[in-house]
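Visitor: So that we are looking at the same thing, I have put the structure below in structure tokens.
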Amino acid sequence: MTSPIDAVPVDDAANRSAREAARQRVSWPVNLTPASVTYESAGHALLLGDEISVRQAAQRLQGQGLSAIVLLISEPAAADTLLDDAQVEALLESTRRLPCRTLSPTQRSQLRIEGYLGRFSVGLHGPDERLDLTLPLLGRQHADLILDLGRSPALELELPPPGYRHLAWGGAESDAALDEFAELVGEFDKPRYFQINADLCAHSASGNVGCTRCLEVCPADAISSHKGRIESRIEIDPYLCQGVGSCSSACPTGAIQFRLPEPARQQEALASWLDAYRQAGGSVPVMRFVEAGDLEVEDEPAGCVLDVPLEELGNAGHDQWLTALAAGAAEVRIQVHPELPPTLSAFIDDQIAQAQALLAALGHEPGRIKRIQRGDGAARDALPEYLPLSEEPLELSAQPKRERFEEVLARLTALGQADGQRHSMPSGAAYGGLEIDRDACTLCFACVSNCPTPALASGDETPLLSYREADCVQCGLCVEACPEDAIRLVPGFLADASRTQRQARHEEPPFCCIRCGKPFASASTIATIKAKLAEHPYFAGDAAARLEMCEDCRVKDVYQGMVRDPESQLKV
Numbered sequence: 001m002t003s004p005i006d007a008v009p010v011d012d013a014a015n016r017s018a019r020e021a022a023r024q025r026v027s028w029p030v031n032l033t034p035a036s037v038t039y040e041s042a043g044h045a046l047l048l049g050d051e052i053s054v055r056q057a058a059q060r061l062q063g064q065g066l067s068a069i070v071l072l073i074s075e076p077a078a079a080d081t082l083l084d085d086a087q088v089e090a091l092l093e094s095t096r097r098l099p100c101r102t103l104s105p106t107q108r109s110q111l112r113i114e115g116y117l118g119r120f121s122v123g124l125h126g127p128d129e130r131l132d133l134t135l136p137l138l139g140r141q142h143a144d145l146i147l148d149l150g151r152s153p154a155l156e157l158e159l160p161p162p163g164y165r166h167l168a169w170g171g172a173e174s175d176a177a178l179d180e181f182a183e184l185v186g187e188f189d190k191p192r193y194f195q196i197n198a199d200l201c202a203h204s205a206s207g208n209v210g211c212t213r214c215l216e217v218c219p220a221d222a223i224s225s226h227k228g229r230i231e232s233r234i235e236i237d238p239y240l241c242q243g244v245g246s247c248s249s250a251c252p253t254g255a256i257q258f259r260l261p262e263p264a265r266q267q268e269a270l271a272s273w274l275d276a277y278r279q280a281g282g283s284v285p286v287m288r289f290v291e292a293g294d295l296e297v298e299d300e301p302a303g304c305v306l307d308v309p310l311e312e313l314g315n316a317g318h319d320q321w322l323t324a325l326a327a328g329a330a331e332v333r334i335q336v337h338p339e340l341p342p343t344l345s346a347f348i349d350d351q352i353a354q355a356q357a358l359l360a361a362l363g364h365e366p367g368r369i370k371r372i373q374r375g376d377g378a379a380r381d382a383l384p385e386y387l388p389l390s391e392e393p394l395e396l397s398a399q400p401k402r403e404r405f406e407e408v409l410a411r412l413t414a415l416g417q418a419d420g421q422r423h424s425m426p427s428g429a430a431y432g433g434l435e436i437d438r439d440a441c442t443l444c445f446a447c448v449s450n451c452p453t454p455a456l457a458s459g460d461e462t463p464l465l466s467y468r469e470a471d472c473v474q475c476g477l478c479v480e481a482c483p484e485d486a487i488r489l490v491p492g493f494l495a496d497a498s499r500t501q502r503q504a505r506h507e508e509p510p511f512c513c514i515r516c517g518k519p520f521a522s523a524s525t526i527a528t529i530k531a532k533l534a535e536h537p538y539f540a541g542d543a544a545a546r547l548e549m550c551e552d553c554r555v556k557d558v559y560q561g562m563v564r565d566p567e568s569q570l571k572v
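Here the numbering used here is used: position 475 in the sequence shown is 475, and no number is missing along the way.
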């Protein structure tokens with residue numbers, strides 16, 4: 001274990017100077033010209049809620065540049081309205097020319113809103129049919145803007161799409177919110193926050209579904225699984241995506257990458273900052289991962305605190321935090337705030353739990369990773385409890401995400417005391433092993449062809465199944481693909497060097513073709529195939545020997561059989 005920090009004097013002025021020197025030497029990476037998506041809004045607005053609130057908002061919005069305003073009465077008026085009869089009559093008169101539709105109680109439960117700024121569709125989804133409301137109300141296929149004044153939002157998302165605003169009418173912020181709403185007319189560009197490499201994705205193979213981690217952590221509901229003719233694929237709607245970044249942090253293979261900045265550049269910047277800080281005379285550095293918006297309203301932190309400015313907290317996960325510790329940070333603090341969407345808050349908690357479990361497994365103090373609250377200056381500026389694990393610079397090779405993180409784990413392993421045991425991890429963590437039932441396995445290698453990483457591999461000339469645990473992301477595709485139910489996942493992080501070594505899990509002598517002698521399968525595979533096809537007419541009688549031939553000899557034997565007896569194929 002590392003010595004307590006109390007034994008080391010800390011010069012805050014020197015740390016502040018070193019921090020500034022590091023900032024001057026290493027700039028935080030940004031994409032200067034990221035790809036973008038464009039929203040186009042002509043100002044066709046749909047307002048929904050109770051009639052009084054909707055008409056009051058419509059009255060307020062008239063004359064503010066919106067192309068059209070239509071009303072959808074989606075709930076009954078409140079009994080405690082503050083308007084008298086004359087005011088109600090005047091309100092109705094001022095908005096009577098606006099298209100309006102009132103929904104029945106049944107229709108209210110069927111109301112569905114989909115889309116984003118410039119392309120909202122609004123309809124009723126009944127058990128037998130779908131009724132479009134946008135066309136009859138607006139005379140066009142889509143609404144550009146939606147103002148929801150209902151008691152509860154019709155679109156129940158933690159992060160609703162651009163162009164949709166739920167507002168409690170009558171509140172202090174109503175006027176300002178309406179002004180902002182009316183300004184959503186024109187063209188608006190937004191960064192395309194992500195990129196997807198389908199070749200690395202562990203979501204689906206051979207019609208089976210494996211990893212779903214990105215689907216579970218998006219608070220904007222921008223990620224979906226689309227079923228193709230055979231495979232399913234992950235798609236991210238760039239118009240719904242709001243750059244939370246939790247999908248990128250949750251993806252164990254790096255198939256989804258956040259681009260502001262890219263994870264690899266972010267890791268390199270963390271290591272470079274810490275190295276520059278040390279070279280400038282700084283001590284006991286603490287890395288604080290914090291949203292950039294928080295930094296704009298805070299006073300300057302203690303000299304040992306190096307701030308990592310994130311677009312959103314989800315832009316960094318446990319791999320980034322542990323990179324900081326491996327590169328020489330004494331402690332990592334993740335600053336959260338009450339406005340975090342519940343899904344993102346739960347994700348941050350899960351990532352902290354994973355990071356702490358990995359530290360404990362490798363013989364380090366789990367308390368080096370901490371969650372602090374916005375506004376808690378004492379927690380932000382507190383000296384770390386322990387000295388840094390290392391003062392040597394950390395250099396990571398430009399490899400995929402999993403391989404880069406293995407280099408981080410290798411550094412932490414060398415600096416700690418791994419006990420060689422398997423340690424439990426939070427549910428769904430991408431760490432674990434496999435158990436192979438050798439009696440059931442026929443070495444058909446369906447698992448190998450479905451594995452999205454190099455974790456499983458076959459032998460070159462010998463029927464051999466090998467496994468490297470460090471590459472396994474516990475997606476379960478091998479389990480789904482195995483026709484013999486011979487594979488079982490073993491969750492948990494193995495704190496032992498063997499997890500990085502490729503090991504033979506099952507091996508058999510090769511079965512050689514009875515005609516040419518070429519090895520082409522294992523003996524158990526041929527035995528299983530012969531048992532399953534024993535009653536098949538194509539392999540009846542002497543033709544059963546074809547099952548013991550390689551693919552080339554089998555074709556030749558079929559052709560020779562047809563030459564000898566041309567009508568034999570008609571008997572099958």
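Where a beta carbon is used, it is the ideal one built from N, C-alpha and C, also for glycine.
Since the model is a prediction, treat every value here as computed from it, not as a measurement.
Between the C-alpha atoms of Met1 and Arg265, what's the straight-line distance to the nearest angstrom?
Guide: As a working note, residue 1 is residue 1 in the sequence shown. As a working note, residue 265 is residue 265 in the sequence shown. For Met1, the predicted structure reports a pLDDT of 47, less than 50, and the residue's modelled location is therefore unreliable. The matter cannot be settled from this model.
Visitor: Determine, using beta carbons only, whether Gln373 and Val408 come nearer to each other than 8 Å.
Guide: On the sequence shown, residue 373 is found 373 positions in, with the first residue counted as 1. On the sequence shown, residue 408 is found 408 positions in, with the first residue counted as 1. Cβ atoms of Gln373 and Val408: not closer than 8 Å.
Visitor: Among Gly428, Phe405, Cys472, Arg404, which residue has its Cα nearest to the Cα of Leu435?
Guide: Translated into positions along the sequence shown, residue 435 becomes position 435. The amino acid at residue 435 is misidentified as Leu; the sequence shows Glu. Comparing Cα-Cα distances from Glu435 to each of Gly428, Phe405, Cys472, Arg404, the minimum goes to Cys472.
Visitor: Leaving aside the five residues before and after Gly207 along the sequence, list all residues of the same chain whose C-beta is less than 6 Å from its C-beta, in chain order.
Guide: As a position in the sequence shown, residue 207 is number 207, starting the count at 1. Hits under 6 Å: Ile230.
Visitor: Taking the alpha-carbon of Ala210 as reference, which of Glu507, Glu187, Phe539, Gly428 has the nearest alpha-carbon?
Guide: What you label residue 210 is simply residue 210 of the sequence shown in a count that begins at 1. Checking the displayed sequence, the identity of residue 210 turns out to be Gly instead of Ala. For Gly210, the nearest C-alpha among the options comes from Gly428.
Visitor: Out of Leu92, Leu547, Gly123, Thr81, point me to the one whose CA is closest to Ala527's CA.
Guide: In the sequence shown, counting from the first residue as 1, residue 527 sits at position 527. When each option's Cα is compared against that of Ala527, the closest is Leu547.
Visitor: Distance check for Gln257 and Asp237, CA to CA, integer angstroms please.
Guide: By 1-based counting over the sequence shown, the position of residue 237 is 237. By 1-based counting over the sequence shown, the position of residue 257 is 257. In a straight line, the C-alpha of Asp237 is about 14 Å away from that of Gln257.
Visitor: Please report the straight-line C-alpha distance between Thr442 and Thr413, rounded to a whole angstrom.
Guide: Taking the first residue of the sequence shown as position 1, residue 442 is located at position 442. Taking the first residue of the sequence shown as position 1, residue 413 is located at position 413. Distance between the alpha carbons of Thr442 and Thr413 is about 36 Å.
Visitor: Measure the CB-CB distance between Arg499 and Ser466 and report whether it falls below 8 Å.
Guide: Taking the first residue of the sequence shown as position 1, residue 499 is located at position 499. Taking the first residue of the sequence shown as position 1, residue 466 is located at position 466. It is not a contact, given that the beta carbons lie outside the stated cut-off.
Visitor: For the alpha helix (DSSP H) holding Leu61, just list the boundary residues, first then last.
Guide: Walking along the sequence shown from the start, residue 61 turns up at place 61. Per DSSP, Leu61 belongs to the alpha helix (DSSP H) from 51-61.
Visitor: Run through DSSP, which three-state label would Met1 get?
Guide: Taking the sequence shown and counting its residues from 1, one reaches residue 1 at position 1. With a pLDDT of 47 at Met1, under the threshold of 50, the modelled position of that residue is not reliable, and the figure given next carries that caveat. Reduced to three states, the DSSP call for Met1 is coil.
Visitor: Could you tell me the boundaries of the alpha helix (DSSP H) in which Ala346 lies?
Guide: Here residue 346 refers to the residue found at position 346 of the sequence shown. Run containing Ala346: 342-361, per the alpha helix (DSSP H) assignment.
Visitor: Between the alpha carbons of Cys482 and Pro519, how many angstroms are there, rounded?
Guide: As a working note, residue 482 is residue 482 in the sequence shown. As a working note, residue 519 is residue 519 in the sequence shown. Taking the straight line joining both Cα atoms gives about 22 Å.
Visitor: Is the stretch 163-172 touching the stretch 217-224 in the sense that three or more CB pairs, one from each, lie closer than 8 Å?
Guide: As far as the Cβ criterion goes, the stretch 217-224 does not touch the stretch 163-172, which means the pair count is below three.
Visitor: Between which residues of its own chain and Pro463 is the CB-CB distance below 6 Å, once the five residues before and five after are set aside?
Guide: Reading the sequence shown from its first residue, position 463 is the one you call residue 463. The answer, listed in chain order, is Leu443, Glu508, Pro510, Ser522.
Visitor: Looking only at its chain, what residues have a beta carbon closer than 7 Å to the beta carbon of Glu40, apart from the 5 residues adjacent to it on each side?
Guide: On the sequence shown, residue 40 is found 40 positions in, with the first residue counted as 1. Gly118, Glu187, listed in sequence order.
Visitor: Nearest to Ser17 by CA position, among Arg259, Ala58, Gly282, is which residue?
Guide: One-based indexing of the sequence shown puts residue 17 at position 17. Per the Cα distances, Gly282.
Visitor: Taking only runs of the alpha helix (DSSP H) that begin and end inside the stretch 171-254, which ones reach a length of at least 4 residues, in chain order?
Guide: Segments of the alpha helix (DSSP H) lying fully in the stretch 171-254: 174-182, 213-217, 246-250.
Visitor: Residues in its own chain within less than 6 Å of Leu48 by CB, not counting five upstream and five downstream?
Guide: Within the sequence shown, the letter at position 48 stands for residue 48. These residues qualify, in order along the chain: Leu72, Ser74, Asp148.
Visitor: CB-CB under 6 Å to Ser53, same chain, minus the five flanking residues each way: which ones, in chain order?
Guide: Sequence index remark: in the sequence shown, residue 53 carries index 53 (1-based). Answer for Ser53: Leu149, Trp169, listed in chain order.
Visitor: What is the DSSP secondary structure of His318, counted as helix, strand or coil?
Guide: To locate residue 318, count along the sequence shown from 1; it is residue 318. It is helical.
Visitor: Can you pull the DSSP bridge partners for Leu47?
Guide: Numbered from its first residue, the sequence shown carries residue 47 at position 47. DSSP output for Leu47 lists Leu71, Leu147 as bridge partner(s).
Visitor: Going by beta carbon distance, what residues of the same chain come within less than 6 Å of Ala324, once the five residues before and after it are set aside?
Guide: Position 324 of the sequence shown, counted from the start, is the residue given in the question as residue 324. Excluding residues within five positions, the ones whose Cβ falls inside 6 Å are Leu270, Met287, Val332.
Visitor: Alpha carbons only, please: which of Ala382, Asp221, His423, Leu415 is nearest the one belonging to Ala342?
Guide: Working through the sequence shown from its first residue, we reach residue 342 at position 342. Before going on, a small fix: residue 342 reads as Pro here, not Ala. It is Asp221.
Visitor: Name the residue from Gly303, Trp321, Asp275, Tyr277 whose alpha carbon lies nearest to the alpha carbon of Val578.
Guide: Residue 578 cannot be examined here, being either before or after the span of the chain that is shown, 1 to 572.
Visitor: Give, in chain order, every unbroken run of the alpha helix (DSSP H) that is at least 4 residues long and sits entirely within the stretch 408-452.
Guide: With a minimum length of 4 residues, the continuous alpha helix (DSSP H) runs that stay inside the stretch 408-452 are 446-450.
Visitor: I need the DSSP call for Gln107, collapsed to helix, strand or coil.
Guide: As a first step, residue 107 is located in the sequence shown; it is residue number 107 there, counting from the start. Three-state result, Gln107: helix.
Visitor: Verify whether the separation of the beta carbon atoms of Leu155 and Ile113 is less than 8 Å.
Guide: Residue 155 sits at position 155 when you count from the first residue of the sequence shown. Residue 113 sits at position 113 when you count from the first residue of the sequence shown. In contact: Leu155 and Ile113 (Cβ atoms closer than 8 Å).
Visitor: Taking the DSSP output, what are the residues bridged to His142?
Guide: Locating residue 142 in the sequence shown gives position 142, where the first residue counts as 1. DSSP lists no partner for His142.
Visitor: Leu389: which of Ala330, Leu340, Phe405 sits nearest, CA to CA?
Guide: Numbered from 1 along the sequence shown, position 389 holds the residue referred to as residue 389. Of the listed residues, the one whose Cα sits closest to Leu389 is Ala330.
Visitor: Helix, strand or coil: which one does DSSP assign to Tyr277?
Guide: Reading the sequence shown from its first residue, position 277 is the one you call residue 277. Here Tyr277 sits in helix by DSSP.
Visitor: For the ligand ZN, is there any heavy atom lying closer than 7 Å to the beta carbon of Pro261?
Guide: This structure does not include the ligand ZN; it has no bound ligands of any sort.
Visitor: Am I right that Gln356 and Pro366 are in contact with their C-beta atoms under 8 Å? What's the rounded C-beta distance?
Guide: Indexing the sequence shown from 1 puts residue 356 at position 356. Indexing the sequence shown from 1 puts residue 366 at position 366. Rounded, the Cβ-Cβ distance is 4 Å, consistent with contact.
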